[in-house]
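J.:
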Amino acid sequence: MRLLLDTHIFLWWLTDDPQLHTDRRRAIANPDALVHVSAVTIWEIAIKQARGRIDVGDEFAGEIERGDFLELPITARHALAAGRLPRIHSDPFDRMLIAQARQENLTLVSQDSALAEYRVDLL
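Quick note: the sequence shown uses my numbering, first residue -5, plus one each step.
What follows is the structure in structure tokens.
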């Protein structure tokens, strides 16, 4: 299984938050899964941290490597796809994650059921 973690899912994983449902937790922990974390997720967390909305320390980006996740950079192809998405969802970070999941054939792990309107594989 090839997964892309939504920002809140990555944060819940890092903090062992009980909001992260068992099925998602198992999928992420599955040793056969390829789990990606997008650069846009790190950007979103950094912005929220700078605004004082969350506090996950300064080493959260290092959790990609420590957690055996794969870093997914933002490419021009991703940016074009995100910009061309219909205006169903206005959050630019979510729109990039949707575009990346679709472009890279990844299953997006998210609690946000509204993202399904974009015909993206969701877990």
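Note that CB positions come from ideal geometry on N, CA and C, so glycine has one too. Computed from a predicted structure; not experimentally measured.
Taking Cβ to Cβ, would you say Q105 is nearer than 8 Å to H2?
T.: For Q105 and H2, yes; Cβs fall inside 8 Å.
J.: So is R60 buried or exposed if we call it buried at 16+ other beta carbons inside 10 Å?
T.: With fewer than 16 other Cβ atoms within 10 Å, it is exposed.
J.: Quick check on the DSSP output: the beta strand (DSSP E) that includes L74 runs from which residue to which?
T.: That residue, L74, is in no beta strand (DSSP E); its alpha helix (DSSP H) goes A70 to G77.
J.: Which whole-angstrom value describes the C-beta separation of V31 and E65, a residue pair presumed to lie in contact below a C-beta threshold of 8 Å?
T.: About 6 Å; that satisfies the 8 Å criterion.
J.: Note the first and the last residue of the continuous beta strand (DSSP E) segment covering R113.
T.: No beta strand (DSSP E) contains R113, which DSSP labels as neither H nor E.
J.: Note down the Cα distance separating G46 from L102, rounded to an integer number of angstroms.
T.: Going by the C-alpha atoms only, they are around 27 Å apart.
J.: Following the continuous beta strand (DSSP E) through V29, name the residue where it begins and the one where it ends.
T.: Its beta strand (DSSP E) spans residues L28 to S32.
J.: Using a Cβ-Cβ cutoff of less than 8 Å, which residues in the same chain neighbour T9 once the five nearest sequence positions on both sides are dropped?
T.: For T9, where only same-chain residues beyond five positions count, the Cβ hits under 8 Å are V50.
J.: Would you list the one or two residues that DSSP bridges to R(-4)?
T.: Paired residue(s): L28.
J.: At a cut-off of 7 Å, would you count T35 as near the ligand NAP, judging by its Cβ distance to the nearest heavy atom?
T.: Among the ligands in the structure shown, none appear at all, so the ligand NAP cannot be discussed.
J.: Can you give me the Cβ contacts of L79 inside the same chain, cut-off strictly under 6 Å, excluding the 5 residues immediately before and after it?
T.: Excluding positions up to five away in sequence, the list reads R89.
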